[in-house]
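Report on the structure given below.
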Amino acid sequence: MASPTSKLAAPATRTAIQKLFDDATTRSVAPGYQFVVFDRQAILVNGVSGYSSLPSPAGGGRPHPAPINGAKMKPDHIHWIMSAGKLALSVVALIALERGLTSNGMTIADLDDHDKLVEILPEFRLGSGSLVTKVIEGWEAGHDAEGRKIPKLRDAKTPVTLRMLFTHSSGLGITWDGPLTTQMYFPFDKSVPLKKPLGTGLIDSFTLPAIVEPGTEVRYGYSPDWLSQWLVRSTGRNLRELINNFILKPLEIPLTECDVHLRDDMLGNMSGVYQRTDDAQNPFKPDDYSRRFFTCEGMPPPGYAHLASVPLMASSQAYSVFLQATLKHDVRLLSESMWTLAEGDALAGTNIKLPVPRISTALPAMSHELKYFATPVDPTKAGTMNLLNTELAMGPTESGRPAGSYGWAGLLNSYYMIDPINGFGYMWSSQCRPWASPEALELRDELEKLLYRALTE
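In the working numbering, the protein residues as written are 4 to 460.
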């Protein structure tokens, strides 16, 4: 007897999905897409639409190093999936906790043990003097001797825990989320920045003050970078080695389609990155965004880190193998009990809230404001966070997701969803900014509505 999810592979459903993305390409929502639908047993749909790189009007190259020019999208083309890769970081961190790989013996039972955390991350010890133990409340008048804005800081009162790093509740913000964090990198008065961009790979670039008191609300930010620092320091292994050995190798995902390090032999298969414009005649301009990010093969030099907020370059078909493993609770990665714990409500029993909007923006060329990650039918049953660094639906969403489903996204408009209730998931990816545009969110929601209709017809 065929499983209910086999309906998602029916010819009519495949045709409807293809048309959805082809229409988005025609409307210049993005130059091109990869899209994959899977259940626990198989990849059900694996398709593409549009271009991996657009023809250059001048006939020359584009800022991205790949030599392809005017190439149609292919399933094995590599995308920088940005924050969609945080799931891999979280799973490796859970593996370290479950398998006893931490140098100070931390286990999942120590999620709320601040003292255990600061044995590995002394920066977070209250009174350490590190910026991560401060909360920024605004800006002092004038500038320092180097011409930089002077943040108005107070000491944080709440000790940060590993749970907070897993769930974006340490108080740390992201580059574009409001004027406080944004002006650390891009001062509105054009003064000297306090911080170099995250893409430099400097640990100092994500050593920031919190924008809210730790442990009070979820603020999308650089908590995963500190989770990665905890993981690397406590295991003595670099992030690339950890992801390769504990995820890619067990799942037989080839490094040619998924890696932390941007290798020279990957460049010819990398999709171009684009910025969407308001010009109907030239709706996209090439964007060298992905070239600004530090990567390295082994352990980063002192003071540097693999960029855990944007850890992976991958094709959608390759990353979907890992998403499928997450859906089916693959015991090659984690035990059944750990998977069950990880995908549940990690904020239950705490007073940590999720704000509305979920993410604000002071850099609209980077990201739009996001009211909800997935709009709930009942706002009192909106999402929460789990230990997989994803937002977990607590009630049905307008697009059809049930309570218990979860997902996340990447800055260049990559999106995925895992529905363990109905036993399927999807990923689709473009390489186009800004993130969370109304058109991209509409495309995501229309895909979900289409898939849930197909399940019930």
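Note that CB positions come from ideal geometry on N, CA and C, so glycine has one too.
Under 8 Å by Cβ, that's how I've got residue i and residue j pegged, so tell me the actual separation to the nearest angstrom.
i	j	result
Phe325	Ile250	6 Å
Gly239	Ser93	Not confirmed; about 20 Å, so no contact.
Trp83	Leu415	6 Å
Met420	Ala406	That belief does not hold up - the Cβ atoms of Met420 and Ala406 are roughly 13 Å apart, past 8 Å.
Leu197	Arg151	5 Å
Phe41	Ser226	Wrong, their Cβ atoms sit about 28 Å apart, outside the cutoff.
Pro212	Lys137	4 Å
Gly426	Thr28	At roughly 29 Å, the Cβ-Cβ gap does not stay under 8 Å, so Gly426 and Thr28 are not in contact.
Apart from the five residues just before and just after residue i, which ones in its own chain have a Cβ nearer than 6 Å to its Cβ?
i	result
Ala12	Leu47
Pro68	Because Pro68 sits at a pLDDT of 39, beneath the cut-off of 50, its placement in the model cannot be relied upon, and the following sentence gives the value as read from the coordinates. Cβ neighbours of Pro68 beyond the five flanking positions: Leu270.
Ala477	With the chain represented from 4 up to 460, any question about residue 477 goes unanswered, as that position is not in the structure.
Arg447	Tyr418
Ala15	none
Trp342	His332
Ser133	Glu126
Ile98	Phe249
Ser31	Pro286
Ile256	Ala321 and Val324
Quick one, are the C-beta atoms of residue i and residue j less than 9 Å apart?
i	j	result
Tyr307	Phe296	no
Pro265	Asp228	This sequence places Leu at residue 265; Pro is not what is there. Result no, Cβ atoms of Leu265 and Asp228 do not sit closer than 9 Å.
Ile246	Pro190	no
Ile139	Asp180	no
Gly176	Leu165	no
Thr353	Ser172	yes
Leu126	Thr210	At residue 126 the sequence reads Glu, which differs from the Leu that was named. Yes.
Asp348	Leu310	no
Trp233	Gln186	no
Ser312	Ala96	no
Asp422	Gly413	no
Asn389	Glu346	yes
Tyr223	Arg128	no
Gly218	Ile111	no
Glu220	Lys160	no
Tyr455	Gly403	yes
Lys10	Ala457	yes
Leu23	Glu449	yes
His117	Pro58	no
Which residues in the same chain as residue i place their Cβ atom closer than 7 Å to its Cβ, once the five residues preceding and following it in sequence are excluded?
i	result
Thr378	Thr400 and Glu401
Glu260	Asp79, Ile81, Ala317, Ser318 and Ala321
Ala385	Leu357, Tyr375, Pro379 and Met397
His39	For the sequence presented, residue 39 should be read as Val rather than His. So the list reads Ile46, Val48, Asn49, Ser319, Gln320, Ser323, Tyr429 and Met430, once near-sequence residues are dropped.
Leu100	Met109, Thr110 and Ile111
Thr203	Phe297
Ala91	Ile246, Ile250, Pro314, Leu315 and Phe325
Ser338	Glu101
Tyr188	Thr178, Pro196, Lys198 and Pro200
Just mark residue i as buried or exposed, buried being the case when its beta carbon has 16 or more other beta carbons within 10 Å.
i	result
Asp207	exposed
Pro253	exposed
Ile71	Note that Ile71 has pLDDT 41, beneath the 50 cutoff, so the model's placement of it is unreliable and no number is given.
Asn241	buried
Val359	exposed
Lys89	buried
Ser237	buried
Gln37	buried
Pro305	exposed
Gly301	exposed
Asp262	buried
Gly275	buried
Gly145	exposed
Val334	exposed
Gly62	Here the model assigns Gly62 a pLDDT of 35, short of 50, so the residue's position is not dependable, and the following value carries that caveat. It counts as exposed.
Glu451	buried
Using a Cβ-Cβ cut-off of 8 Å (strictly less than) and excluding sequence neighbours within five positions of residue i, which residues of its own chain qualify?
i	result
Gly371	Looking at the sequence itself, residue 371 is His, so the reference to Gly does not match. Same-chain partners within the cutoff: Thr364, Pro437, Trp438, Ala439, Ser440 and Pro441.
Gln21	Gly50 and Ser52
Leu147	As written in the sequence, residue 147 is Asp, which differs from the Leu given in the question. For Asp147, where only same-chain residues beyond five positions count, the Cβ hits under 8 Å are Ile153.
Lys75	Gly35, Val51, Gly53, Tyr54 and Ser55
Met369	Thr178, Trp179, Leu414, Arg436, Pro437 and Trp438
Lys155	Ile139, Glu140, Gly141, Trp142 and Glu143
Ser6	Asp42, Gln44 and Gly426
Taking 9 Å as the CB-CB cut-off, is residue i touching chain D?
i	result
Ile20	Looking at the structure shown, chain D is missing, and only one protein chain is on hand.
Let me check you understand the geometry: is the CB of residue i closer than 8 Å to at least one non-hydrogen atom of the ligand ADP?
i	result
Leu129	With respect to the ligand ADP, the structure shown offers nothing to examine, as it has no ligands at all.
Please go through the segment 305 to 381 and give each complete alpha helix (DSSP H) segment of 4 or more residues, from N-terminal end onward.
-> DSSP runs (the alpha helix (DSSP H)) wholly in the segment 305 to 381: 319 to 330 and 339 to 345.
**Asked** Which full runs of the alpha helix (DSSP H) of 4+ residues lie inside the segment 140 to 205, going along the chain?
**Response** 165 to 169 and 182 to 188
Of all the beta strand (DSSP E) runs that stay within the bounds of the segment 263 to 294, which reach a length of 3 or more residues?
277 to 279 and 287 to 289
Q. Unbroken beta strand (DSSP E) runs of length 3 or more, entirely within the segment 71 to 129: which are they?
A. 82 to 85
Handout entry: Whole runs of the beta strand (DSSP E) within the segment 409 to 441, excluding any shorter than 3 residues
Key = Fully enclosed beta strand (DSSP E) runs of no fewer than 3 residues occupy 409 to 413, 417 to 422 and 427 to 432 of the segment 409 to 441, in order along the chain.
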